[in-house]
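So the protein sequences, as listed, match chains X and W. With our numbering as the guide, the letters of the first sequence map in order to residues 289 to 644. With our numbering as the guide, the letters of the second sequence map in order to residues 289 to 644. Virtual Cβ for every residue (Gly too), placed ideally from N, Cα, C.
Protein chains: 2
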Amino acid sequence: NAADKAADYANYFCSYSYLYHQKQMLMDHVRMRAYHSAIMNNKHLFAGKTVLDCGTGSGVLSIWAAQAGAAKVYACEFTDMAIHARNLVEKNGLSDVIEVIQSSVEDLQLPCKVDIIVSEWMGYLLLRESMLDSVIRARNKWMKPGGSMFPSHATMYFSAISFEDDREGKINDYQHSMAEWSKFSGEMKNFYNIDVSALDGPFKKEQADYYIYSSLWTELRIEHVVGQPVIIKKMDLNTCSLADAECVNEVPFDITIPFPVTVSGYAGWFTVDFNGSVENPATKRVILSTGPEMGYTHWGQQVFYLHDAVDCSTDTKLHGTVSMTRQEKNKRLYNLNLTHQVDEEGEPLKVTYEIP
Amino acid sequence: NAADKAADYANYFCSYSYLYHQKQMLMDHVRMRAYHSAIMNNKHLFAGKTVLDCGTGSGVLSIWAAQAGAAKVYACEFTDMAIHARNLVEKNGLSDVIEVIQSSVEDLQLPCKVDIIVSEWMGYLLLRESMLDSVIRARNKWMKPGGSMFPSHATMYFSAISFEDDREGKINDYQHSMAEWSKFSGEMKNFYNIDVSALDGPFKKEQADYYIYSSLWTELRIEHVVGQPVIIKKMDLNTCSLADAECVNEVPFDITIPFPVTVSGYAGWFTVDFNGSVENPATKRVILSTGPEMGYTHWGQQVFYLHDAVDCSTDTKLHGTVSMTRQEKNKRLYNLNLTHQVDEEGEPLKVTYEIP
Ligand SMILES: Nc1ncnc2c1ncn2[C@@H]1O[C@H](CSCC[C@H](N)C(=O)O)[C@@H](O)[C@H]1O
Ligand SMILES: Nc1ncnc2c1ncn2[C@@H]1O[C@H](CSCC[C@H](N)C(=O)O)[C@@H](O)[C@H]1O
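What follows is the structure, given as structure tokens:
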């Protein structure tokens, strides 16, 4: 409805209408190289074919598809970035192949079905932004039988990490904020005759939610990862349903710590594969990984710190479950729900993190 | 309509639902002392009276009104902050006097008219956020004849300033961003076979709008102000109309520079007065000033830098006009439109700044 759309524009689409924001994605060379080599090394999937680019942004994927020999590319973009994409396409001499259509993917009208859908829809921790919904809807409506999604598969990883400097920094920020509240509370009483103690608890909760129970964008290095990362979701984008894209159902994990180390919390990231479809497979298979082994991507990793770190010895076991659910107030955002237990000791900890 | 309301919530109200944000206002002691002393030194305006607090936030102004002897205070707040306000009121033992009503001011229903309306509705450069509209609507609907607005008057100031360090910092940021674009443009061609030159102009405009043609929150010191500040708008809040609150009509200015100095641009700020009404005047008149002579307020001053500074000598004259208009895309936000000419030389410069 109209109200949802207006809030969605304010919260979500608006940032994509800035070249500055598109440029940040275009300067993410891990991302760029993966899409570029996946297209250029699998020209047979594009040559003479009809392509749909869902959320073309600056138009980059459409331009590569055209350069790979596509007969026709429909480049769909909701925001005014479509105007810039159209100029870029023209300047690169590809106006006869690429048609930029300013529309939501949902309202898109095409004269025919397509052979392949390219899209860069991935958000933090893969699902954030919920743009995959739009891509699946486009697939269901516009993909020819046997056509392929590009990327074709997605995998989500979850891992224990040790990064005490960073965790302690956050805990310090939180404690600093609470110390400032104490001072503030005294001033409110002394200067203005107001007792704000009724707000002590709510403020503490608000700040804990902000500093601790929100995930953080972090650029992890491989040495921060402790034990084996766990796969928490796999999706075949050629066949998955809207329900598959909605959440991560509760997944149990069991991580064995290989050496004595302080575990600070957990982290998540994803990879996508460009395999084509069964009928139209890629010959050179490319993987885009946003894991800590790859260096910088604009996705980084999302980190979930524990309030209290866990000192582990060799063979300590971290048991738990993890799930991801959409936020009530904004369906493009997620919470991560964690239960966690060290060996078999005590009650499992149960916490929910907001992925901001 | 519903769509406008949803976007408004996402863009505007949301931040006020955080205690952290309310606390920033409560820690602005210039603000707090002005309201506190205006109320406590004019208890006759409150004692035994019925008060409406438009946008009560944490409830602070209502608590003071009750402490000053109000018979009844209606504390109206749209966001969930109303829940915290209610707790605060209770903890301070004022639940029998203060009724917290979670509602928009526009939809508010009261059993009777009120003697006085207290509100802290002022945004950056006074008008930003356009909350005054809501307060005027409440006044027109709920104020008894002869009742008073608290504050009762508002004045906007505009001044030439010299602050080259800050201006040059911004110009450097802008130039740095454009240098990075050059590098980016080369990489896009070399690595990915895309000519992005079609976007050179639009990117430059986007960055100039961001770095130069947007006003900046600044904490000016008195020595940055050059010549006499000009009053660009005065409002009697007891009588002003919605049309008065909408914009600043084009005002000419004529500033004589008193000594040789480099003018970096202009700045704006405001004051409000707590005079009561003609029928119910304040006995002690308090002024809340957000000008550079007062030290920190959370409003600071809004600064509008020129792309090219002006070297002035004694008696150089800066002529021009200034107006403020609401943005098409978001009626709570303003543009400032400036024309400016040094002595009688050349064509006047004409620029529009966004107040973000
Ligand atoms: N439902 C939808 N309809 C149309 N465009 C959408 C959309 N959801 C997201 N988008 C657009 O999809 C883009 C995703 S960012 C990726 C941009 C570009 N393909 C690149 O790889 O660089 C954004 O520009 C966003 O505005
Ligand atoms: N139309 C409207 N209806 C109800 N509340 C509104 C409103 N417009 C703004 N507000 C609320 O008004 C408050 C303004 S901030 C001032 C808060 C408090 N009076 C203080 O002085 O500290 C915010 O909490 C905001 O949510």
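DSSP places Asn-375(W) in no beta strand (DSSP E) but in the uninterrupted alpha helix (DSSP H) bounded by 369 to 379. Secondary structure of Asn-568(X) (DSSP, three-state): coil. At a cut-off of 7 angstroms, the beta-carbon of Leu-349(X) counts as near ligand 1: some heavy atom of the ligand is closer than that. Not one beta carbon of chain W lies nearer than 8 angstroms to the beta carbon of Pro-399(X). Val-361(X) counts as buried, since no fewer than 16 other beta carbons sit within 10 angstroms of its beta carbon. Counting of Cβ neighbours within 10 angstroms places Asn-428(X) among the exposed residues, the total staying below 16. In the structure shown, the three-state DSSP call for Arg-573(W) is strand. Three or more Cβ pairs closer than 8 angstroms define a contact, and the region 474 to 488 of chain X falls short of that threshold against the region 551 to 560 of chain X. Closer than 7 angstroms to some heavy atom of ligand 2: that does not describe the Cβ of Ser-552(X). Among the CB atoms of chain W, one or more fall inside 8 angstroms of the CB of Ala-290(X). Using a cutoff of 7 angstroms, the CB of Tyr-304(W) counts as near ligand 2, since one of the ligand's heavy atoms is closer than that. With its beta carbon less than 8 angstroms from one in chain W, Tyr-480(X) belongs to the interface.
At a Cβ-Cβ threshold of 8 angstroms, Met-431(W) and Val-402(W) count as neighbours.
Shortest gap from the CB of Ser-473(W) to any heavy atom of ligand 1: 7 angstroms or more. At a cut-off of 8 angstroms, the C-beta of Leu-413(X) has no neighbouring C-beta in chain W. Between Lys-477(X) and chain W, the shortest Cβ-Cβ separation is not below 8 angstroms. For Ile-351(X), the chain W residues whose C-beta falls within less than 7 angstroms of its own C-beta are Ile-482, listed in chain order. For Leu-606(X), the closest of Val-536(X), Val-549(X), Tyr-297(X) and Gln-397(X) by C-alpha to C-alpha distance is Val-549(X).
Annotation: Cβ neighbours of Glu-494(W) in chain X (cutoff 8 angstroms, chain order): Tyr-306, Leu-307 and Tyr-308. According to the DSSP assignment, Ile-449(W) belongs to the beta strand (DSSP E) that extends over 441 to 449.
Membership of Ser-611(X) in the beta strand (DSSP E) is indicated by the continuous run 605 to 614. Annotation: the continuous beta strand (DSSP E) that includes Pro-433(W) extends over 431 to 438. Ranking His-332(X), Ser-552(X), Gln-590(X) and Met-315(X) by CA distance to the CA of Ala-570(X) puts His-332(X) first. Residues of the region 361 to 372 of chain W with a C-beta less than 7 angstroms from any C-beta of chain X: His-372, listed in chain order. Around the beta carbon of Thr-602(X), fewer than 16 other beta carbons lie within 10 angstroms, which makes this residue exposed.
With a cutoff of 7 angstroms, Glu-408(X) counts as near ligand 1, since its C-beta is closer than that to a heavy atom of the ligand. For Gln-615(W) and Glu-642(W), the gap between their C-alpha atoms comes out near 8 angstroms. In the three-state reduction of the DSSP assignment, Cys-535(W) falls in the coil class, being assigned neither a helical nor a strand state. Counting C-beta pairs with one atom in each stretch, the region 501 to 512 of chain W and the region 376 to 392 of chain X have fewer than three that are closer than 8 angstroms, which means they do not touch.
Look at the region 612 to 643 of chain X: it has no residue with a C-beta under 7 angstroms from a C-beta of chain W.
Per DSSP, reduced to three states, the secondary structure at Met-315(X) is coil, with no helix or strand assignment. Using a Cβ-Cβ cut-off of 8 angstroms, Val-348(X) counts as an interface residue toward chain W, since at least one Cβ of chain W sits closer than that to its own.
Here DSSP, grouped into helix, strand and coil, assigns Gly-489(W) to helix.
In this structure, Ala-354(X) keeps its C-beta atom at 8 angstroms or more from the C-beta atom of Val-393(X). Sequence-distant partners of His-512(W) (beyond 5 residues in either direction) whose C-beta falls short of 8 angstroms from its own C-beta, in its chain, are Ile-449, Ser-450, Phe-451, Ala-555 and Pro-580. Ranked by Cα distance from Asp-454(X), the first of Gln-590(X), Val-423(X) and Leu-340(X) is Gln-590(X).
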